[in-house]
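Trainee:
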Amino acid sequence: MKNQEAMRCLLCPKPRCSDACPVHTPVPECMRYYREDKLEEAGRVLFQNNPMTAVTSQVCDWKKFCYGHCVLNARNVPVRWYEIEQEISEAYLLNHHEKKPEQNGKNAAVIGAGPAGMTAAILLAQKGYAIDLYDDNDRPGGVLRYGIPPFRLDRKYSDAYERILKELGVVFHPNVKIGSEMTVSSLAENHDAVLVASGAVKPRALIIPGEDLPHVMHAIGWLKDPKPEDLGEHIIVIGGGNVAMDACRTAKRFGKDTWVYYRKTFANMPANPLEVEEAKNEGVQFSVFEAPVEVRDHSVIFRKCENVTDENGKVVTKILPDTDHEVPCDTLLVAAGETIDLSVFGDTLPELNEWHYLKTDDDGKTSLDKVWTAGDLRLGAKTVVEAAATAKKSAMAIDSALMGKKE
1 MKNQEAMRCL LCPKPRCSDA CPVHTPVPEC MRYYREDKLE EAGRVLFQNN PMTAVTSQVC
61 DWKKFCYGHC VLNARNVPVR WYEIEQEISE AYLLNHHEKK PEQNGKNAAV IGAGPAGMTA
121 AILLAQKGYA IDLYDDNDRP GGVLRYGIPP FRLDRKYSDA YERILKELGV VFHPNVKIGS
181 EMTVSSLAEN HDAVLVASGA VKPRALIIPG EDLPHVMHAI GWLKDPKPED LGEHIIVIGG
241 GNVAMDACRT AKRFGKDTWV YYRKTFANMP ANPLEVEEAK NEGVQFSVFE APVEVRDHSV
301 IFRKCENVTD ENGKVVTKIL PDTDHEVPCD TLLVAAGETI DLSVFGDTLP ELNEWHYLKT
361 DDDGKTSLDK VWTAGDLRLG AKTVVEAAAT AKKSAMAIDS ALMGKKE
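The numbering of the sequence shown is UniProt numbering, which starts it at 1 and goes up by one.
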């Protein structure tokens, strides 16, 4: 029973689980409420700390964060807090209703209605800000609705967030492409603050011959509305991240012969290890140390790779010559990573750092007046919980700046 699991928690005064969590979930406080059957109070604490808690408790890499840092790992019996968090937060999200607060006279525009944008919109709206939420999709949710497959994340969560946004008075502007129809600068002229949380949605190219053939698709776009028609029987997914796992598991559910090819080894895969294991258990085949070098009409040419140590002692992946081999392929789904799309800023580009990402302070403030960023646009492609953490911090910074509060 989960209550028995809760009783194993030591309620540490300096909880490692909370410290390891990107949003610093107050685990001991919530555990106390849970033990006392005060689920409403526990849910309120979780939601106020992280509005995305019902989602992050499901899709988070908890081995990397709370579970992996539990003090009871010393005895090899860490507390499965993520299960308890899911029970509490799901019940709270699906049954809780917000009341529109008294307005404080300030307004803000939030660009992007994914996890980061919705987090910031909810937190600011709760404080009385009039929020305009813009997105290029027809409904809010971002990757929660248009990326992560329903077998991993039920759409009821996106629907619940959509309802809560309405209850808080957030005005949602669908199907708006910021950067062309309107700009960040024009929004800043009409709002007290602008938070840009448009994500990392620009797929990286393979830059190999044949990549423009019609049977080659970017997985992140395909996952918006995946269909089995015209896929053929032999599907290859390129990549080792969470998008690659979502794509291969979706294709396998369509009954296709599905393979994942990755240029490094399993230990190097950025995907949640649990998702990799799930894919294997579902029948997806993997081939590692393989780099695509050419796409043909009905096949892909791969070249073998290996890990070597360079002159600086760093392990790097080396492509081996004279190892080309041809693999049948009807559809190639490319999930080689995503990067940020700066077109959202139009002609007024904020200062960039040496890695060509946005240069911000610790709170996400850009070099542009009244403009903050959050989520993957600021971090590069990361996880839902990390996106929510930056959004929370930026929302607090906006509130402090506009209301004259001292940090």
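Glycine included, C-beta positions come from ideal geometry on N, C-alpha and C.
#1: Can you tell me the Cα-Cα spacing of N3 and W355, whole angstroms?
#2: For T348, tell me which candidate among M7, S186, A74 has the shortest Cα-Cα distance.
#3: With 16 other CB atoms within 10 Å as the buried threshold, where does S367 fall?
#4: Cα-Cα, which of L133, L168, C30 is closest to P174?
#5: Helix, strand or coil, according to DSSP, for Q285 in the structure here?
#6: Locate the alpha helix (DSSP H) running through F47, then write down its first and last residues.
#7: How do the stretch 32 to 40 and the stretch 104 to 113 stand: do at least 3 beta-carbon pairs fall below 8 Å, yes or no?
#8: Quick one: residues in its chain with C-beta nearer than 7 Å to the C-beta of residue 423, no 5 flanking neighbours on either side, listed in chain order?
#9: Any idea which residues DSSP pairs M182 with across the strands?
#10: Compare the beta carbon distance of E326 and V288 with 9 Å and say whether it is the shorter of the two.
#11: Locate the beta strand (DSSP E) running through E294, then write down its first and last residues.
#12: Using 8 Å as the threshold, is the stretch 77 to 96 in touch with the stretch 141 to 152, meaning 3 or more CB pairs across them?
#13: Taking DSSP as the reference, what is the three-state secondary structure of M217?
#14: Helix, strand or coil, according to DSSP, for E275 in the structure here?
#15: Counting pairs of Cβ atoms below 8 Å between the stretch 316 to 331 and the stretch 197 to 212, do you hit three or more?
#16: Counting C-beta neighbours from all protein chains within 10 Å, is the total for V308 16 or more, i.e. buried, or is it exposed?
#17: Given K224, which residues of its chain have a CB within under 8 Å of its CB, disregarding the five upstream and five downstream residues?
#18: Is the distance from the Cβ of T258 to the Cβ of I236 below 9 Å?
#19: From the DSSP output, which residues share a beta bridge with P203?
#20: According to DSSP, is F302 helix, strand or coil?
#21: Hey, could you find the ends of the beta strand (DSSP E) residue 412 is sitting in?
#22: So what does DSSP say about residue 408, is it helix, strand or coil?
#23: Taking just the CA atoms, how far does D230 sit from D330?
#24: Runs of 4 residues minimum, wholly inside the stretch 127 to 153: which ones carry the alpha helix (DSSP H) assignment?
#25: Can you pull the DSSP bridge partners for F172?
#26: For A244, report the span of its beta strand (DSSP E) as first-last.
#27: Which residue comes first and which comes last in the beta strand (DSSP E) that contains P28?
#28: Taking 7 Å as the limit between beta carbons, can you name the residues of its chain near L352, skipping five residues before and five after?
#29: Whole-angstrom Cβ separation of V196 and V371, contact assumed at under 8 Å?
#30: Pull up the CB-CB distance for W222 and L333, whole angstroms please, since I reckon it's below 8 Å.
#31: What would DSSP say about N353, mapped onto helix, strand or coil?
#32: Name the two residues that bound the continuous beta strand (DSSP E) containing N193.
#33: How many angstroms separate the CA atom of R44 from the CA atom of I88?
#34: Between which two residues does the beta strand (DSSP E) carrying K318 extend?
#35: Using only CA atoms, which one of K382, C60, N104, V79 lies nearest to M7?
#36: Using C-beta distances below 7 Å, list every residue in its chain close to T390, excluding the 5 sequence neighbours before and after it, in chain order.
Mentor: On the basis of the data shown:
#1: 47 Å
#2: S186
#3: exposed
#4: L133
#5: strand
#6: 39 to 49
#7: no
#8: Nothing can be reported for residue 423, as the shown portion of the chain is limited to 1 through 407.
#9: I178
#10: no
#11: 290 to 296
#12: no
#13: strand
#14: helix
#15: no
#16: exposed
#17: Y146, G147
#18: yes
#19: E338
#20: strand
#21: The structure shown does not extend to residue 412, since the chain spans only 1 to 407, so no value can be given for it.
#22: The chain is shown only over 1 to 407; residue 408 falls outside these bounds and no answer can be derived.
#23: 9 Å
#24: 143 to 146
#25: L133
#26: Run containing A244: none in the beta strand (DSSP E); it sits in the alpha helix (DSSP H), 242 to 253.
#27: Element bounds for P28: not the beta strand (DSSP E) but the alpha helix (DSSP H), 27 to 35.
#28: L358, K359
#29: 7 Å
#30: 6 Å
#31: coil
#32: The sequence shown places Ala at residue 193, rather than the Asn named in the question. Start and end: 193 to 196.
#33: 9 Å
#34: 315 to 319
#35: V79
#36: A116, G364, A374, G375, R378, L379
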